[in-house]
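Heads up: the sequence shown begins at 28 in this note's numbering, then just goes up one per residue. Below is one structure; the comments refer to it alone.
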Amino acid sequence: TDADWHRKTRSTAWTIGEVLTHFANALAGTPEAIEHVRQGKNYLNPPPFLNWLGHLINRRLAQQSARSQTRTSILARYDKAHTAMLATVEGM
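Below you can see the structure in the form of structure tokens.
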């Protein structure tokens, strides 16, 4: 519900809105990731010593993005990203 958007999840420090925003953003990047892999290119694989930084950046991006989203807007983004991902997979 809209009331749950800013509520913390039970298992993480993330809010419901941040988690859903993260899912939608990750799904939106899936077609690009698949295309990189199909071409044999590296995709978002930093050196191991930078992994900790990736987690911090990921969290911050989700927080920032969730602030400008609503439940309706993020569901629309997810649906659009899901459709694009399915088209990518079907084209393989």
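C-beta: ideal position from N, C-alpha, C; glycine also.
When the Cα atoms are used, threonine 57 and alanine 51 turn out to be separated by approximately 10 angstroms.
Here lysine 68 carries a coil assignment [DSSP, helix/strand/coil]. Pairing alanine 89 with histidine 33 gives a Cβ-Cβ distance that is not under 9 angstroms. Assigned with DSSP and collapsed to three states, threonine 42 falls in strand. Following the DSSP letters along the chain, one finds arginine 98 inside the alpha helix (DSSP H) bounded by residues 98–117.
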